[in-house]
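Peer 1: Residue numbers (full-length UniProt numbering): 1 to 349. Mind having a look at this structure? Questions to follow.
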């Protein structure tokens, strides 16, 4: 595209929306045309997020007041359950628009599974069928041609990048996967919640949604695609007292393979990927290695239990786990180089 693409970001007052603004503001090929946040309509973005003081951004408005006809792309950073009808309305107003949805509303392909885990029937079932799962490294070709991209959650992104290649290669038993996952408190959203208050979340570590986290069926769906069958995993998330970052430790049972075989399979799978890096033997992935970046680091280790291995993956939950992956997918659907605007090195210390 010769001119800059005009984009809107829905839910710009949330953490994922704000990170989409941060990344898009310095993207050379896009112009932020509209920002919505119904509860903050009329405010300047810098009033809601003071770190944007230097940017000339449009004021926040209610989503209903946006003129969709002149836009090329929309990022949806709204809570699950709110995006379906809005997405339908946006596409009705402009069928050619490209939508990068960062919520969970279009990630699950099966309507019954969605209703089971989210507690209500899907409000846009035809769009649900159309949506392409937006894990860039696995669905690049489909994303390029898509109108609606369902960007994965942060936990599924970290877990699936670590496990799908080795499950697909038949190197592990897909029916015996245990995932111990930990995320910074931004993963819980910006709304006021008692468990994310500083005095509640600080200086402690707490599991949540034990045995029933809504990202589990998303992970099972994609591993199931890889192995050609139904898969059930053991997935437990934890809240860690830091703003951003995520680390998933997956325990797997080997299938006639070694930890070195897993590492080689992952290295081969991601050899040409710009953002996924497999650590050399003995190097331990850490959240501080990827903080603020769109990069993923994966490491493989022998377990002291014979026949088992440990796969560790880490990413920034707001970047590759959300807004960064959405920008990566936007680059694909608009025909820009995939890494554009996303090559920031991690912030350290």
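The beta-carbon is built from N, C-alpha and C at its ideal position, and this holds for glycine as well.
Measuring only the C-alpha atoms, how far is residue 64 from residue 335?
Peer 2: Going from the Cα of residue 64 to the Cα of residue 335 covers about 29 Å.
Peer 1: State the Cα-Cα distance for the pair residue 261 and residue 267, rounded to the nearest angstrom.
Peer 2: Taking the straight line from one Cα to the other gives about 10 Å.
Peer 1: Is the beta carbon of residue 163 less than 9 Å from the beta carbon of residue 177?
Peer 2: Result yes, Cβ atoms of residue 163 and residue 177 sit closer than 9 Å.
Peer 1: Report yes if the CB atom of residue 270 is closer than 9 Å to the CB atom of residue 346, and no otherwise.
Peer 2: No, Cβ-Cβ distance for residue 270 and residue 346 is not below 9 Å.
Peer 1: Would residue 297 and residue 245 qualify as a contact pair, given that the criterion is a beta-carbon distance under 9 Å?
Peer 2: It is not a contact, given that the beta carbons lie outside the stated cut-off.
Peer 1: Return the chain-ordered list of same chain residues with a C-beta closer than 7 Å to the C-beta of residue 317, the five sequence neighbours on each side being excluded.
Peer 2: The residues are 154, 183, 184, 186, 187, 244, 245, 246.
Peer 1: Flag this pair as yes or no: are the beta carbons of residue 278 and residue 291 separated by less than 9 Å?
Peer 2: Cβ atoms of residue 278 and residue 291: not closer than 9 Å.
Peer 1: Leaving out five residues on either side along the sequence, give the residues of the same chain with a beta carbon under 7 Å from the beta carbon of residue 220.
Peer 2: Counting only Cβ-Cβ distances below 7 Å, and skipping sequence neighbours, we find 231, 232, 233.
Peer 1: What residue range does the alpha helix (DSSP H) around residue 176 cover?
Peer 2: Premise fails: residue 176 lies in the beta strand (DSSP E), 172-184, not in any alpha helix (DSSP H).
Peer 1: Could you check which residue in 68, 78, 48, 73 has the C-alpha nearest to that of residue 331?
Peer 2: Among 68, 78, 48, 73, the Cα nearest to that of residue 331 belongs to 73.
Peer 1: Report buried or exposed for residue 69, applying the criterion of at least 16 other Cβ atoms within 10 angstroms of its Cβ.
Peer 2: With fewer than 16 other Cβ atoms within 10 Å, it is exposed.
Peer 1: Mind checking who residue 302 pairs with in its DSSP beta bridge?
Peer 2: In the DSSP output, where bridge partners are listed per residue, residue 302 has 309.
Peer 1: Would you kindly work out how many angstroms separate the C-alpha atoms of residue 112 and residue 8, rounded to a whole number?
Peer 2: Their backbone Cα atoms lie some 31 Å apart in a straight line.
Peer 1: Going by beta carbon distance, what residues of the same chain come within less than 6 Å of residue 115, once the five residues before and after it are set aside?
Peer 2: The residues are 121.
Peer 1: Could you check how far apart the C-beta atoms of residue 350 and residue 240 are, in whole angstroms? I think they sit under 8 Å.
Peer 2: With the chain covering 1 to 349 only, the question about residue 350 has no answer from this structure.
Peer 1: Which of the three DSSP states is assigned to residue 295 in this structure?
Peer 2: Coil at residue 295, not helix or strand.
Peer 1: May I have the straight-line CA-CA distance separating residue 341 from residue 306, to the nearest angstrom?
Peer 2: Between residue 341 and residue 306, the C-alpha separation is close to 44 Å.
Peer 1: Mapping the DSSP letters down to three states, classify residue 151 as helix, strand or coil.
Peer 2: In the structure shown, residue 151 sits in coil (DSSP, three-state: anything other than H, G, I, E or B).
Peer 1: In the DSSP assignment, find the unbroken alpha helix (DSSP H) run with residue 88 in it and report its ends.
Peer 2: Residues 83-93.
Peer 1: Going by the CB atoms, is the gap between residue 30 and residue 24 shorter than 9 Å?
Peer 2: A contact, by the Cβ cut-off of 9 Å.
Peer 1: What residues in its chain sit with their C-beta under 8 Å from that of residue 172, if we drop five residues either side in the sequence?
Peer 2: Result list for residue 172: 163, 166, 252, 253, 254, 255, 257, 262, 309, in chain order.
Peer 1: Residue 1 to residue 201, Cα distance in whole Å?
Peer 2: Confidence at residue 1 is low in this model, with a pLDDT of 47, below 50, so the placement of that residue is unreliable and no value is reported for it.
Peer 1: Select from 203, 214, 141 the residue whose C-alpha is nearest the C-alpha of residue 338.
Peer 2: Selected option, being the one with the closest Cα: 141.
Peer 1: What number of angstroms, rounded off, separates the C-alpha of residue 152 from the C-alpha of residue 199?
Peer 2: Computed Cα separation, rounded: 30 Å.
Peer 1: Rounded to whole angstroms, what is the Cα-Cα separation between residue 229 and residue 215?
Peer 2: Residue 229 and residue 215: Cα-Cα distance of roughly 18 Å.
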